[in-house]
Amino acid sequence: MVIFIMRITWLLVASIFHAGPGGYLQYVVYIVTSLGFVRQSFDVIVDGIEQSIVEAHNNLRPGKIYVNNGDLLDAGVNRSPSAYLNNPAEERSKYQYNVDKQMTLVKFVDNEMGPVGSFNWFATHGTSMSRTNSLISGDNKGAAARFMEDWAEQNGVSKQKGHANSVDFRSLHLSSVLPRRVSTIIPEPNEITDDLMQLASSYVASGGRRLAASNITRRIRSTQENTAKFVSAFCQSNCGDVSPNVLGTFCIDTHLPCDFNHSTCNGKNELCYGRGPGYPDEFESTRIIASRQFLKAADLFNSASEEIQGKIDYRHTYLDFSQLGVSVSTSTGGQQVVKTCPAAMGFAFAAGTTDGPGAFDFKQGDDKGNPFWRLVRNLLKTPGKEQVECHAPKPILLDTGEMKEPYDWAPSILPIQIIRIGQLVILCVPGEFTTMAGRRLRDAVKNVLISGSNGEFNSNIHVVLAGLTNTYSQYVTTFEEYQIQRYEGASTLYGPHTLSAYIQEFKKLATAMVANQEVPTNIQPPDMLHKQIGLLPGVMFDTTPIGTNFGDVSSDVPANSNFRKGSTVNATFYSACPRNDLLTDGTFALVEKLNGKDWVPAYDDDDWSLQFKWSRPSKLSSKSFATLEWTIPEDAASGVYRLRHFGASKPIIGSVKHFTGASSAFAVR
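Taking this note's numbering, the leading residue of the sequence shown gets 387, the next gets one more, and so forth.
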C-alpha cells in the first residue's frame, strides 16, 4: 500500500493480491468470505496508514524526482483474450500486445543522502499465489518491493549522482540469486571447518519462556538506525485482464489447453487454471514474476535521468456512479445521453478467473444466465425491469446496488482524482481497468491536457493510470469487452457505459486543471462503520499440553545437523493464536546467527526465505503450533544458526502474555 501526500489531499494506492486478511472494507459483498467485518484487520491498516503519514511528514527533506519507463515483456498475459478481441480491429492494430508491457518508475533522490526510494506502475495481477495458499503474502508485487529494497540497501547508491552501482546491477541479470540483507549485517567467516558443527551442537533448544512485549525482536530493517530507509512500491496499473500466470491456461485433468471463449474443461470452469513460470510450485512462480518486475525496476532506476520539473497540482471529486448521465457517440455520428446503473454482478462473476476459478456450473462468457441460479438470486433480491435492461447483456446474478440489508452491499459513490507532479500525471481510479479500458482513459486525458494547456504539456507528458486507489469498486471493461461477459465484464458494476462515464468525468477534471478551476464536490461516500456486523469469533483462550510451555519446541531441527545453502530447515513450536497480538513492528519468526557469543537477528518473517505457518490440530482446539521453515539463501553467510519463535498467548483469565522459544542450533556451509 502506498500513500501520496500533496498539500491538502492524499492518495491511497493498493496493490491487489488474494493472500491477505479480509474484513476491512465496509460493503457487504466484500466481507462475506471473512464472516463480516473484522475490526482487527481494519484497525491495523488504519493505524499503519496513520503511522506512515506521520513518519513521512516528520522526514520531509529537499530532493529531486526522476521518471523513466521501459517495457517488461514476460510478467503478464491477457487472461480474457476473447473479450479483448471484441475491441475494434482498428484500435487493436495500434498496439503490439494485448496487455500493456510498459513500466513507469519514479525515483526519489535526497539532496544529501542520495536515492531514498522508488515507485513504479506495471499491469499484472497479484495472483501468482493460488487460492489454495493459506499463508499471508504480498504476492509478486510485495515480493518485488522487498527485493528492490534489499538490492538498493545492500548495493548502495551514489550520493552524488543518485545512480545504483552498475556492476552490481549487471551481475543480477546473470544470476537467479536475489539480494538478502543478512550479508550486510554479519560478515562471512574466512574459513569453514568442522568446528561449526561442534559449536552448533553446544546450543540446544532453549525452551519456551515469558518475556515483556517490549523485548520482542523488532523487524531487522527497523534496527538499522544509521542508514536511510529505502522505500520501494510496485503499484498496479490497468491490470484488470492481466494474469502473471504466463504459461497459459490448462485443464488439470487432461493437461490440455482450456476452452478459449469460456475457460472451461469439458464444460467445467473449476478445472481450468493458469500456470505460472514456476509451475507447479506457486511460490517459485511468485518469486520469478517478482524478480522480473524487480530487475526491470532496478534497470529503470539505474538509468533514470529525466528530472521531473514543474507545477504540483491535483483535482478530486466524488461521483454517484449508480445514476450518472453519460454522453456517448451513436452509430450515425451523433450524440445521445445514456446512464450508468446501480451496481450489479453478472453470472460470470461466480465463474471466477483462470487465476482462481469459481464453482458449480458457472462459466465465463455467459450472457444468458441459468434458471436455477436465477431462482436462488430471487430469494435475495429480484432485479427490476429497468435494472435488467440497464445492465444488458449482463445477466444479473447479484443485484448488489439495490441490496441494502443489513446495509449497502456495494458502493455507489466513488472518488476520482488526478495528480500532477511536473510532467507526471497520475489518474487515480477506484477499480481494476482492463488493458484497453486503461489505454482509452489515458489517451483521453492526455489529449485534453496537451490541447488545452497552451504549451504547458506536450507529447513528453507521462500519464500513468493508478488502479485500486482510494476505494474499491471491482472492474471496468470497454463497452465491447462488456458484451462478451467474461469475469471482468460481469464484474463491471455500473453497466456497459461505466468506462464512458470515467472518461467523461476525468476529462472534466483535466479541463479544470489546465484552466486552473476548482472542482466542486457535493456528495460524500457513506460512513457505515457503526453498522458493521462481524461474525468471526474472537480468541477464547490458548493452552499447551501438560508439562510444556508456550515456545517449547515440538519438533526440533535434527541433532548435530549441517545444511547446505538452498536446503530447507524447519522447527515446530507450541504456540498460540497470532490474533492475540499482530506484532506489527515485531516478528513471529526469526533466524538468528551466532556472532561471537551473541545471537544476532539475520532473517525475519518479512523475508522471502522464511515462512511462518500457524495451525490448530482441530478448529475447536485451544492448542496450536507454529512451524518456522527457512530455505537457506544461496548468499547466506556460513556459520551457526537457530530458529526463534515469538508469540502471545491468551489465558482463560487475565491478559495476553508474550513468549519466545528457540530451536537447537545448526551449521550452514
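C-beta: ideal position from N, C-alpha, C; glycine also.
| Arg760 (DSSP reduced to helix, strand or coil) | If you number the sequence shown from 1, residue 760 lands on position 374. Reduced to three states, the DSSP call for Arg760 is helix.
| task | Figure out for me which residue from Tyr880, Met822, Leu597 has the closest Cα to the Cα of Gln482. | result | For this step, residue 482 is matched to residue 96 along the sequence shown. Nearest option by C-alpha distance: Met822.
| Near Ile889, what residues of its chain come up, given a Cβ to Cβ distance below 7 Å and the 5 sequence neighbours on each side ignored? | By 1-based counting over the sequence shown, the position of residue 889 is 503. Here the set comprises Arg826, Leu827, Ala830.
| Exposed or buried, which one is Thr884 when buried takes at least 16 other CB atoms within 10 Å? | Translated into positions along the sequence shown, residue 884 becomes position 498. Sixteen is the threshold: when 16 or more other Cβ atoms of the shown chains lie within 10 Å of the Cβ of Thr884, as they do, the residue is buried.
| field | Closest Cα partner of His702 within the set Phe508, Gly626, Glu693, Gln903 | value | As a working note, residue 702 is residue 316 in the sequence shown. Answer by Cα proximity: Gln903.
| task | Take Ile1038 and list the residues in its own chain whose beta-carbon comes closer than 7 Å to its own, dropping the five residues that flank it on each side. | result | Along the sequence shown, one-based indexing puts residue 1038 at 652. For Ile1038, same chain residues with a beta-carbon under 7 Å away, outside a window of 5 residues either side, are Phe927 in chain order.
| Exposed or buried, Lys1071, counting other C-beta atoms within 10 Å across all chains shown (16 or more means buried)? | The chain is shown from 387 up to 1055; residue 1071 falls before or after that span and cannot be answered.
| task | Name the one or two DSSP bridge partners that Phe1032 has. | result | Numbered from 1 along the sequence shown, position 646 holds the residue referred to as residue 1032. Per DSSP, Thr1046.
| task | Assign Ser562 to one of two classes, buried (16 or more other C-beta atoms within 10 Å of its C-beta) or exposed (fewer than that). | result | Stepping through the sequence shown from its first residue, residue 562 is reached at position 176. Low per-residue confidence applies at Ser562: pLDDT is 44, beneath 50, and the placement is therefore not dependable, though the value from the model is reported in the following sentence. Within a 10 Å sphere around the beta-carbon of Ser562 sit fewer than 16 other beta-carbons, which makes this residue exposed.
| task | Could you tell me if Ser588 is buried or exposed, where buried requires 16 or more neighbouring beta carbons within 10 angstroms of its beta carbon? | result | Counting from one through the sequence shown, the residue named residue 588 turns up at place 202. Exposed, since its Cβ has fewer than 16 Cβ neighbours within 10 Å.
| said: I need the straight-line Cα distance from Asp639 to Asn688, nearest angstrom please. | reply: Taking the sequence shown and counting its residues from 1, one reaches residue 639 at position 253. Taking the sequence shown and counting its residues from 1, one reaches residue 688 at position 302. Distance from the CA of Asp639 to the CA of Asn688, rounded to the nearest whole angstrom, comes to 45 Å.
| So, Ser941 versus Ala962, is the Cβ gap smaller than 8 Å? | Position 555 of the sequence shown, counted from the first residue, corresponds to residue 941. Position 576 of the sequence shown, counted from the first residue, corresponds to residue 962. The answer is no: Cβ separation not under 8 Å.
| Since Val1042 contacts Asp967 with CB under 8 Å, what's their CB separation in whole angstroms? | Mapped onto the sequence shown, residue 1042 falls at position 656. Mapped onto the sequence shown, residue 967 falls at position 581. With a Cβ gap of about 6 Å, Val1042 and Asp967 count as contacting.
| message | Suppose the cutoff is 8 Å on Cβ atoms and the five residues either side in sequence are ignored; what does the same chain contact list for Gly408 look like? | response | The residue labelled residue 408 in the question sits at position 22 within the sequence shown. Closer than 8 Å at the Cβ level, and outside the excluded window around Gly408, lie Tyr416, Ile417, Thr419, Ser420, Val424, Ser427.
| said: Could you tell me the alpha carbon to alpha carbon distance between Val925 and Phe998, rounded to whole angstroms? | reply: Taking the sequence shown and counting its residues from 1, one reaches residue 925 at position 539. Taking the sequence shown and counting its residues from 1, one reaches residue 998 at position 612. Between Val925 and Phe998, the C-alpha separation is close to 19 Å.
| said: Less than 8 Å between the C-beta atoms of Gln803 and Asn856, yes or no? | reply: Position 417 of the sequence shown, counted from the first residue, corresponds to residue 803. Position 470 of the sequence shown, counted from the first residue, corresponds to residue 856. Yes. Within cutoff.
| query | Across which residues does DSSP place His848 in a beta bridge pair? | reply | As a first step, residue 848 is located in the sequence shown; it is residue number 462 there, counting from the start. Answer by DSSP bridge pairing, in chain order: Leu810.
| said: Using the three-state DSSP reduction, which class does Phe687 fall into: helix, strand or coil? | reply: For the purposes of this step, residue 687 is taken as the residue at position 301 of the sequence shown. Phe687 falls in the helix class under three-state DSSP.
| task | Out of Leu642, Asn454, Ala461, Thr1046, point me to the one whose CA is closest to Arg673's CA. | result | The residue given as residue 673 occupies position 287 in the sequence shown. Comparing Cα-Cα distances from Arg673 to each of Leu642, Asn454, Ala461, Thr1046, the minimum goes to Ala461.
| Integer Cβ distance of Ser886 from Gly817, believed to fall under 8 Å | Translated into positions along the sequence shown, residue 886 becomes position 500. Translated into positions along the sequence shown, residue 817 becomes position 431. That pair is no contact at about 14 Å.
| Under the three-state reduction of DSSP, which class applies to Tyr589: helix, strand or coil? | The residue labelled residue 589 in the question sits at position 203 within the sequence shown. Three-state DSSP puts Tyr589 in coil, outside helix and strand.
| What is the residue span of the beta strand (DSSP E) that Tyr659 lies within? | The count along the sequence shown starts at 1 and reaches residue 659 at position 273. It spans 658-661 - the beta strand (DSSP E) in which Tyr659 sits, taken as one unbroken run.
| task | Kindly confirm or deny that the segment 653-661 and the segment 745-753 touch, where touching means at least three C-beta pairs closer than 8 Å. | result | Because the criterion of three Cβ pairs below 8 Å is met, the segment 653-661 and the segment 745-753 touch.
| field | Between the CA atoms of Gly1033 and Asp971 - distance to the nearest angstrom | value | Position 585 of the sequence shown holds residue 971. Position 647 of the sequence shown holds residue 1033. Rounded to whole angstroms, the separation of the alpha carbons of Gly1033 and Asp971 is 13 Å.
| task | With DSSP as the reference, label Tyr888 as helix, strand or coil. | result | As a first step, residue 888 is located in the sequence shown; it is residue number 502 there, counting from the start. In this structure, Tyr888 counts as helix in the three-state DSSP scheme.
| task | Look at Ser1010 and Ser1001 and say whether their C-beta atoms are less than 8 Å apart. | result | As a first step, residue 1010 must be located in the sequence shown, where it is residue number 624. As a first step, residue 1001 must be located in the sequence shown, where it is residue number 615. Yes, these two residues count as a Cβ contact at 8 Å.
| said: With distance defined between alpha-carbon atoms, name the residue in Trp985, Ser953, Pro728, Ala1051 nearest to Ile1018. | reply: Residue numbering aside, residue 1018 sits at position 632 when the sequence shown is read from its first letter. Among Trp985, Ser953, Pro728, Ala1051, the Cα nearest to that of Ile1018 belongs to Ser953.
| request: Can you tell me which of Pro987, Pro792, Ala778, Leu1014 puts its alpha carbon nearest to the alpha carbon of Ala1022? | output: As a working mapping, residue 1022 is identified with position 636 in the sequence shown. It is Pro987 whose Cα lies nearest to the Cα of Ala1022.
| Inter-residue spacing [alpha-carbon to alpha-carbon] between Tyr452 and Asp496 | On the sequence shown, residue 452 is found 66 positions in, with the first residue counted as 1. On the sequence shown, residue 496 is found 110 positions in, with the first residue counted as 1. Their Cα atoms are separated by approximately 11 Å.
| Considering only residues of the same chain and omitting the five flanking positions on each side of Asn946, which have a CB-CB separation below 8 Å? | Along the sequence shown, one-based indexing puts residue 946 at 560. Excluding residues within five positions, the ones whose Cβ falls inside 8 Å are Met583, Ala586, Ser587.
| said: Taking the beta carbon of Arg872 as the centre, do at least 16 other beta carbons fall within 10 Å, making it buried, or is it exposed? | reply: The sequence position of residue 872 within the sequence shown is 486, counting from 1. Buried, because 16 or more other Cβ atoms sit within 10 Å of the Cβ of Arg872.
| said: On a Cα-Cα basis, can you pick out the residue from Pro912, Arg965, Gly660 that is closest to Leu922? | reply: In the sequence shown, residue 922 corresponds to position 536, counting from 1. With distances taken between Cα atoms, Leu922 lies closest to Arg965.
| task | Kindly examine the ligand COA and report whether one of its heavy atoms sits closer than 7 Å to the Cβ of Ala469. | result | Questions concerning the ligand COA fall outside what the structure shown contains, since it holds no ligand whatsoever.
| Unbroken beta strand (DSSP E) run spanning Tyr989, endpoints | The residue given as residue 989 occupies position 603 in the sequence shown. 984-990 is the extent of the beta strand (DSSP E) around Tyr989.
| message | Considering only DSSP beta bridges, list what Lys979 is partnered with. | response | Looking up residue 979 in the sequence shown gives position 593. Beta-bridge pairing links Lys979 to Val986, Tyr1027.
| message | Rounded to the nearest angstrom, what separates Pro467 and Tyr868 at their Cα positions? | response | One-based indexing of the sequence shown puts residue 467 at position 81. One-based indexing of the sequence shown puts residue 868 at position 482. Answer to the nearest angstrom: the Cα atoms are 13 Å apart.
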